[in-house]
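Notes to accompany the following structure.
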Amino acid sequence: MGLLTNKVLRHEIKPGDHIYTYRAVFAYSHHGIFVGGSKVVHFRPARNLKSITEASSDLDDQTSDPCPIFPDCGFRQPNSGVVLSCLDCFLRNGSIYCFEYGVSPSVFLTKIRGGTCTTALSDPPETVIHRAMYLLQNGFGNYNVFQNNCEDFALYCRTGLLIVDKQGVGRSGQASSIIGAPLAAMLSSPLKLLMPSPVGVATVTAGMYCMSRYATDIGVRSDVIKVGVEDLAVNLGWHCPDQMQEEEEEEEEEVVDPGVETSDTQITTVR
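Reading the sequence shown from the start, the letters are residues -7 to 263 in our numbering.
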């Protein structure tokens, strides 16, 4: 992969790779995990949820035009946004780009566009594929363009890192870029009085933008923890159907009132 682009050819990607492709004339990128066999596991808004944050939500839905080659293309669990697609349907005639891991800070800062690399190290491919396939069966929570999007999904699969502060920016480099650009412009505005040259102001703004991106990278953040995929639902406060059923059964369980003499009719229901 070169300095200016992470574009790769099909034969160059390997199972466990974090790949992405651009949508809407390079307006944004869609990310996923290549699991082999020409299949990609990725994350998008669930079918039953109308999203205003991803304009291609309906375009990515393969129910209206099923894949003619792979019968299981488009598989997902009910109400889940994690989907299994073939590589062709994932790309939608776009090119393949491979997300880089373990890059140096200097290389990270040269990548002007967010969502292409991270300083964080990746786990082994078999671990990455296990996380992706587990989340395909169990979901990845609700889609959120700033805190839980397709890039966040792929980053978690590759690193197992989870953001502790659920109110802040997620792991996504694209999201931090969206926030970083206006923040950099705002912070550099007072410097216009000290630097009348437009070139000087532009340089300072670009520097602040890059630094804001670097500060939110999961490889340097201090508010990230390593979470096993089996424990992900507990850490994010999700409730799987089996767990909810068990909780309801426990609430409806009939117990004997310890303060009253026991009998077949003296039963207290705990709610």
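Note that the Cβ used here is the ideal one computed from N, Cα and C, for glycine as well.
Since the structure is predicted, the reported quantities are computational estimates derived from the model, not experimental observations.
Starting from R123, follow the alpha helix (DSSP H) in both directions and report where the run begins and ends.
-> 117 to 130
message = Which same chain residues end up closer than 7 Å to L128 when comparing Cβ atoms and leaving out the 5 residues on each side of it in sequence?
response = V33, V74, L76
Taking 8 Å as the threshold (C-beta atoms), are V120 and I267 in contact? The chain is shown only over -7 to 263; residue 267 falls outside these bounds and no answer can be derived.
Check: For S21, which of helix, strand or coil comes out of DSSP?
Finding: Note: S21 maps to strand in three-state DSSP.
Handout entry: Check: S98 C-beta below 7 Å from any heavy atom of the ligand GTP
Key = Of the ligands one can find in the structure shown there are none, so the ligand GTP has no counterpart to examine.
Taking the DSSP output, what are the residues bridged to N140?
-> Bridge partners of N140: N136.
Beta bridge counterpart(s) of L153 as assigned by DSSP: Note: L153 sits in a beta bridge opposite K218.
For the 8 Å Cβ check, are there 3 or more pairs between the segment 80 to 95 and the segment 121 to 140? no
Check for me: the beta strand (DSSP E) holding L76 runs from which residue to which? 74 to 78
| query | beta strand (DSSP E) containing T13: first to last residue? | reply | 10 to 15
Beta-carbon proximity of S30 to C78, cut-off 8 Å: Yes, the Cβ-Cβ distance between S30 and C78 is below 8 Å.
* **DSSP state of F91 mapped onto helix, strand, coil** => Of the three classes helix, strand and coil, the one that applies to F91 here is coil, per DSSP.
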